[in-house]
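**Student:** Let me begin by handing over the structure; questions about it come next.
Protein chains in written order, with our numbering: chain A, 598 to 1147; chain B, 540 to 870.
Below, the structure written as structure tokens:
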């Protein structure tokens, strides 16, 4: 994320810098362009002004060339600026522009040169016209001075033709003036005293000479049409500039888009980072609290589970007890009946006069025996019923445990016609167990076995006890023919049962396994045997360990 | 009657062919304008230019300054036919005045310099005038701490050729001589001129002097051939020098032979002798010669005197800063 952010901001930085420089140079270009356009329009304006001033000074006798000089100066400045302009910045057509520029500037220079000549010719011309005017005004006085009528007439003709030519310069008026000049020439040669006439002649000649040059210069200046060249430059320039501008616009768009893209990436990255950071902070703040809560919950549910397990285990035991209750009643009823019969016999004997002491003695012995028997049953029952998990480990005889368990279910096996056999057990064989728990395991195994063989033709259960030096192995075998492969795996899972609903809890084997493990022993199904065989293997002595594994 | 008719036709055509209002304006106005009285120029640069103008170090052997030939107190020229440069060498053309020279459309008699800055190049490097080189001048000025500081103050730059030229040009542009009696007259103070002087002005206009000597500088805005109505150089009798050829030297065009810049008539009373060759010793002689060769007229003494009287009213006032002398570094 960090690398991504750095890269995108670097990109943004680079492109925004590019964008900045680009727009900067572009605006400088635009600024220059504005200047150029101004220059062009200024050039046009000055040229127009120049021509206007030129016409003015041509058409009036009184004149002041300062405005023309001012315009000339401005045009010179424009020429300088144009020549200094670097058209290369306007890309492709700079060569063309430069040549156009040169043509225009040279035309301007030519024009200015012509204007300079025009000024001097114009003043000569005006001066001569002025002189002729004065001659007209002076006619009255001078004619008195001039005695010769011929000279007077020739002078009049000369003045008239010169004035006419100066106003209307046609071929005719020109011819007339030339003729008049010839006549005057002729006259002067004849009469050198006509000095006044010769001065007029000089001016008339000047008019004749300068008028044509002046007209040529003026039309040259006015028709020079440098503005056409100017327009040419302007158009070419404008075209190339707009082309460059369009290109620039395109580049700017791309740059702008790239900038925007990188900016967007940065914003996206920052929001991602921001979110992650806030989540992290949140998680940090809540973590401890949650851990404590979870731990608490866990402890609670753990407790509940243990509690429920215990309840379940005990209820399973109670179920087994309930099932045994019928058998129990019979077990207890039989000795009770014996006690009743013996007691009646003793009463009968006591009715007789001579009491057979020997008989009473043996009868009461029987009574006591029978009472012991009942006490035995109740003892076994009680020891089974009590929760044995807190009992201390006791070294007991294996035969005792098996016998006491069998007492509890003998009646049930009998009523169902199940044959129960036990191999011979060494009466000195002891092991260190919690009696009631092991008894529960055996009872569960036997109950399961009896349930399994109930519907079979051959109904038998066999208990085999083997001394394996360190361990005692108790096998509970029944006449059933094993358990199918797929069921074997589930056998010891809690709540797994093959019995009808309501008949089993599905806990018997799992509870039994738990007990076996608590005794560091093993409870397993032996799949190698043809008949269904469960093996409970327990060590003879327990390693001293007071804690009861949960 | 015919004569009057012709006149009438002439003016009629002249008037109708052009805008009447403009024509009236033009005819009512005078062909000469008064000098502007205030020029806004950079004071520091003007003072620097003044100092340079007075400094003989601009010449090869530190003997000649600009002011050697352009005596500001005496009409801005040297009062000689031809100037005397370094080592006493004699120049070939009459010194034009530096006063009001900024108003001339070109510089030098033949107009070879476009402006004053370009003009400065001429005398400094001319072997018969100051005979120096730019490297030399710049090196010499760089030795001077005062100049260093002045240039730094005026241009924030080191001393260089361009800045020297610029400074001198700015100073020269400041050499305007306003408020001559004639200018006062133009501004409406009719009593500033005597009757004779006014008559002189009328003749100046009527005889055609005005067709070349017009505008704010009374000349200096066009070229004209020396000897329009007569052959001046032939009549002069002396040998034609290179200086006499005029603009043809620059343009190489036949029609520019004997063509010169029309000089300004401002302060003309102070700048004798006259013409590019200094051939006219007095104002009256100059007027007479001009009338003959430029206007094709022969003027009477009275006419010449009145025009001379008019020309003498063109002497203006020197700028105030010239009286104080060039300033150094004082703030």
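We treat Cβ as the ideally placed atom computed from N, Cα and C, and that holds for glycine.
1. Within the 8 Å Cβ cut-off, does residue 835(B) reach chain A?
2. Can you list the residues of chain B that residue 824(A) reaches, using a CB-CB cut of under 9 Å?
3. Closest Cβ-Cβ distance between residue 669(B) and chain A: below 8 Å?
4. With a threshold of 8 Å between beta-carbons, can residue 754(B) be considered close to chain A, or not?
5. Could you pull out every unbroken alpha helix (DSSP H) segment of at least 4 residues lying fully inside the region 709 to 755 of chain B, listed in chain order?
6. Report yes or no: is there a C-beta of chain A within less than 8 Å of the C-beta of residue 788(B)?
7. With C-beta atoms as the reference, is residue 714(A) less than 8 Å away from residue 814(A)?
8. Hey, could you find the ends of the beta strand (DSSP E) residue 820(B) is sitting in?
9. For the candidate residues 608(B), 850(B), 797(B), 860(B), whose alpha-carbon lies nearest to that of residue 571(B)?
10. Roughly how many angstroms lie between the CA atoms of residue 836(B) and residue 620(B), to the nearest whole one?
11. If you follow the alpha helix (DSSP H) that residue 1122(A) is in, where does it begin and where does it stop?
12. Look at residue 637(B) and residue 615(B) and say whether their C-beta atoms are less than 8 Å apart.
13. How would you call residue 618(A), buried or exposed, if buried means at least 16 neighbouring beta carbons within 10 angstroms?
14. Could you have a look at residue 844(A) and say whether DSSP puts it in helix, strand or coil?
15. Taking 8 Å as the threshold (beta carbon to beta carbon), is residue 641(B) in contact with chain A?
16. Take the Cβ of residue 871(A) as the centre, count every other Cβ of all protein chains shown within 10 Å, and call the residue buried at 16 or more, exposed below.
17. Hey, is the region 591 to 603 of chain B in contact with the region 780 to 797 of chain B, meaning 3+ C-beta pairs nearer than 8 Å?
18. Who are the neighbours of residue 765(B) on chain A, taking C-beta pairs under 7 Å?
19. Check residue 811(B) in the structure and name its three-state DSSP category.
20. List the residues that DSSP assigns as beta-bridge partners of residue 640(B).
21. In terms of alpha-carbon separation, which member of 736(B), 595(B), 716(B) lies closest to residue 724(B)?
22. Measuring CA to CA, which of 800(B), 773(B), 819(B) is closest to residue 808(B)?
23. For residue 721(A), return the contacting residues in chain B, with the cut-off set at a CB-CB distance below 7 Å.
24. Check whether the region 641 to 658 of chain A touches the region 837 to 856 of chain A, counting contact only when three or more Cβ pairs, one atom from each stretch, lie closer than 8 Å.
25. Work out the CA separation of residue 1106(A) and residue 1042(A) for me, nearest whole Å.
26. Just the Cα atoms here: how many angstroms apart are residue 612(A) and residue 692(A)?
27. Tell me which residues share the same chain as residue 702(A) and place their Cβ nearer than 8 Å to its Cβ, disregarding the 5 neighbours each side in the sequence.
28. Quick one: which chain A residues come within Cβ less than 9 Å of residue 762(B)?
29. How many angstroms separate the CA atom of residue 816(B) from the CA atom of residue 646(B)?
30. Determine, using beta carbons only, whether residue 1077(A) and residue 1049(A) come nearer to each other than 8 Å.
31. State the Cα-Cα distance for the pair residue 961(A) and residue 972(A), rounded to the nearest angstrom.
32. Does the count of Cβ pairs from the region 1027 to 1037 of chain A and the region 1056 to 1065 of chain A closer than 8 Å reach three?
33. Quick one: grab the DSSP three-state call for residue 836(A).
34. Classify residue 915(A) as buried or exposed, calling it buried when 16 or more other Cβ atoms lie within 10 Å of its own Cβ.
35. Could you pull out every residue in the same chain whose Cβ sits closer than 6 Å to the Cβ of residue 589(B), ignoring the five residues on either side in sequence?
36. Could you spell out the range, first to last residue, of the alpha helix (DSSP H) harbouring residue 769(A)?
**Tutor:** Once the coordinates are examined:
1. Translated into the one-based positions of the second chain, residue 835(B) becomes position 296. Yes, its Cβ sits closer than 8 Å to a Cβ of chain A.
2. Start at 1 with the first residue of the first chain, and residue 824(A) comes out as number 227. Residues of chain B passing the Cβ test: none, with the nearest at roughly 22 Å.
3. Here residue 669(B) refers to the residue found at position 130 when the second chain is read from its first residue. It does not; no Cβ of chain A falls within 8 Å.
4. On the second chain, residue 754(B) is found 215 positions in, with the first residue counted as 1. Taking Cβ atoms only, chain A reaches closer than 8 Å to residue 754(B), which makes this a yes.
5. As far as the region 709 to 755 of chain B is concerned, its whole alpha helix (DSSP H) runs of at least 4 residues are 720 to 725, 734 to 745.
6. Locating residue 788(B) in the second chain gives position 249, counting from the first residue. Residue 788(B) does not count as touching chain A.
7. Mapped onto the first chain, residue 714(A) falls at position 117. Mapped onto the first chain, residue 814(A) falls at position 217. Cβ distance < 8 Å, so residue 714(A) and residue 814(A) count as in contact.
8. Along the second chain, read from residue 1 onward, the residue named residue 820(B) stands at position 281. Following the DSSP letters along the chain, one finds residue 820(B) in no beta strand (DSSP E), marked with neither H nor E.
9. What you label residue 571(B) is simply residue 32 of the second chain in a count that begins at 1. Selected option, being the one with the closest Cα: 850(B).
10. As a working mapping, residue 836(B) is identified with position 297 in the second chain. As a working mapping, residue 620(B) is identified with position 81 in the second chain. Near 26 Å, if we compare the C-alpha coordinates of residue 620(B) and residue 836(B).
11. As a first step, residue 1122(A) must be located in the first chain, where it is residue number 525. No alpha helix (DSSP H) holds residue 1122(A); the beta strand (DSSP E) holding it covers 1119 to 1122.
12. For the purposes of this step, residue 637(B) is identified with residue 98 of the second chain, where counting begins at 1. For the purposes of this step, residue 615(B) is identified with residue 76 of the second chain, where counting begins at 1. Taking 8 Å as the Cβ cut-off, residue 637(B) and residue 615(B) qualify as a contacting pair.
13. One-based indexing of the first chain puts residue 618(A) at position 21. Result: exposed.
14. As a working note, residue 844(A) is residue 247 in the first chain. Helix at residue 844(A).
15. Along the second chain, read from residue 1 onward, the residue named residue 641(B) stands at position 102. At least 8 Å separates the CB of residue 641(B) from every CB of chain A.
16. Numbered from 1 along the first chain, position 274 holds the residue referred to as residue 871(A). Residue 871(A) should be labelled exposed.
17. The region 591 to 603 of chain B vs the region 780 to 797 of chain B: no contact.
18. If you number the second chain from 1, residue 765(B) lands on position 226. Neighbourhood of residue 765(B) in chain A, by CB distance below 7 Å: empty, with the nearest CB roughly 11 Å away.
19. The residue you call residue 811(B) lines up with position 272 of the second chain. Here residue 811(B) sits in coil by DSSP.
20. Position 101 of the second chain, counted from the start, is the residue given in the question as residue 640(B). Residue 640(B) is not bridged to any residue.
21. Stepping through the second chain from its first residue, residue 724(B) is reached at position 185. Ranked by how close their Cα comes to the Cα of residue 724(B), the residues 736(B), 595(B), 716(B) have 736(B) in first place.
22. In the second chain, residue 808(B) corresponds to position 269, counting from 1. When each option's Cα is compared against that of residue 808(B), the closest is 819(B).
23. For the purposes of this step, residue 721(A) is identified with residue 124 of the first chain, where counting begins at 1. Contact of residue 721(A) with chain B by beta-carbon distance below 7 Å involves 767.
24. With the cut-off at 8 Å, the region 641 to 658 of chain A and the region 837 to 856 of chain A do not touch.
25. Here residue 1042(A) refers to the residue found at position 445 when the first chain is read from its first residue. Here residue 1106(A) refers to the residue found at position 509 when the first chain is read from its first residue. If I take the Cα positions, the gap works out to 8 Å.
26. Start at 1 with the first residue of the first chain, and residue 612(A) comes out as number 15. Start at 1 with the first residue of the first chain, and residue 692(A) comes out as number 95. The alpha-carbon atoms of residue 612(A) and residue 692(A) are separated by roughly 33 Å.
27. Mapped onto the first chain, residue 702(A) falls at position 105. Closer than 8 Å at the Cβ level, and outside the excluded window around residue 702(A), lie 676, 679, 680.
28. Residue mapping note: residue 762(B) aligns to position 223 of the second chain, counting from 1. Those are 713, 714, 716, 717, listed as they occur along chain A.
29. Mapped onto the second chain, residue 816(B) falls at position 277. Mapped onto the second chain, residue 646(B) falls at position 107. Residue 816(B) and residue 646(B): Cα-Cα distance of roughly 17 Å.
30. Your numbering for residue 1077(A) matches position 480 in the first chain. Your numbering for residue 1049(A) matches position 452 in the first chain. For the 8 Å CB-CB criterion, residue 1077(A) and residue 1049(A) form a contact.
31. By one-based count along the first chain, residue 961(A) stands at place 364. By one-based count along the first chain, residue 972(A) stands at place 375. So the alpha carbons of these two residues sit roughly 16 Å apart.
32. Because the criterion of three Cβ pairs below 8 Å is not met, the region 1027 to 1037 of chain A and the region 1056 to 1065 of chain A do not touch.
33. As a position in the first chain, residue 836(A) is number 239, starting the count at 1. Three-state result, residue 836(A): helix.
34. Counting from one through the first chain, the residue named residue 915(A) turns up at place 318. Exposed, since its Cβ has fewer than 16 Cβ neighbours within 10 Å.
35. Taking the second chain and counting its residues from 1, one reaches residue 589(B) at position 50. A distance below 6 Å between beta-carbons, with the five flanking residues on each side excluded, links residue 589(B) to the following residues of its chain, in chain order: 710, 865.
36. In the first chain, residue 769(A) corresponds to position 172, counting from 1. First-last of the alpha helix (DSSP H) with residue 769(A): 768 to 787.
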